[in-house]
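Undergrad:
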Amino acid sequence: MIEKYHTAILQRVLATLGKIWADDYVFVNAAGDVVAKTERLAKIKSGATTLDSINEAENVTVRMYQNSAVTTNCVTLKGQYSGQPISGEYRSTLVWVKGSGGWQLVSNQLTALKPK
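First residue of the sequence shown: 226, per this note's numbering; consecutive thereafter.
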């Protein structure tokens, strides 16, 4: 699901993102802003948010809890967010829930890491 999610973000496939993100999905960006599903889709549709690359560290941690999963890892992102260029390393946390339609992302958060 993470690969499918990354591909959909990189290629800006709104229909796929709309299915992956639960209706009550929230994104907490590196600035600490909380962004709902509809707002995030609108930013991607308009081109204000685009990602050129997502490079994921190999050490993805997945913890399973009945019908939910939490993943944490480091990612290097390059692109733009809300019209502003972004580039750097981030700690990523994704919260997934498995329902009747399969796995959906209900929340994710990015935290900027200090440059090395």
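Backbone N, C-alpha and C fix where the C-beta goes; we use that ideal spot for every residue, glycine too.
Mind listing, in chain order, the continuous alpha helix (DSSP H) runs of no fewer than 4 residues lying wholly within the segment 261–305?
TA: As far as the segment 261–305 is concerned, its whole alpha helix (DSSP H) runs of at least 4 residues are 262–271.
Undergrad: Three-state secondary structure (DSSP) at L338?
TA: DSSP places L338 in coil when its eight states are reduced to three.
Undergrad: Please report the distance separating the alpha-carbon of I311 from that of D258.
TA: Taking the straight line from one Cα to the other gives about 15 Å.
Undergrad: Can you give me the Cβ contacts of V295 inside the same chain, cut-off strictly under 6 Å, excluding the 5 residues immediately before and after it?
TA: For V295, where only same-chain residues beyond five positions count, the Cβ hits under 6 Å are R288 and V320.
Undergrad: On a Cα-Cα basis, can you pick out the residue from A247, G326, A255 and L239 that is closest to L302?
TA: Looking at the Cα atoms, A255 is the closest of the given residues.
Undergrad: From the DSSP output, in three-state form, read off A247 for me.
TA: Looking at A247 - three-state DSSP - the assignment turns out to be strand.
Undergrad: For E264 and R237, what's the separation of their Cα atoms in angstroms?
TA: Each residue's Cα considered, the two are about 14 Å apart.
Undergrad: Candidates E281, T241, F252 and M226: which alpha carbon is nearest Y315's?
TA: If we check each option's Cα against that of Y315, E281 comes out closest.
Undergrad: Tell me, please, which residues DSSP counts as bridged to E221.
TA: The structure shown does not extend to residue 221, since the chain spans only 226 to 341, so no value can be given for it.
Undergrad: I234 and I279: beta carbons closer than 8 Å?
TA: It is a contact, given that the beta carbons lie within the stated cut-off.
Undergrad: Any idea which residues DSSP pairs G327 with across the strands?
TA: In DSSP, G327 forms a bridge with G324.
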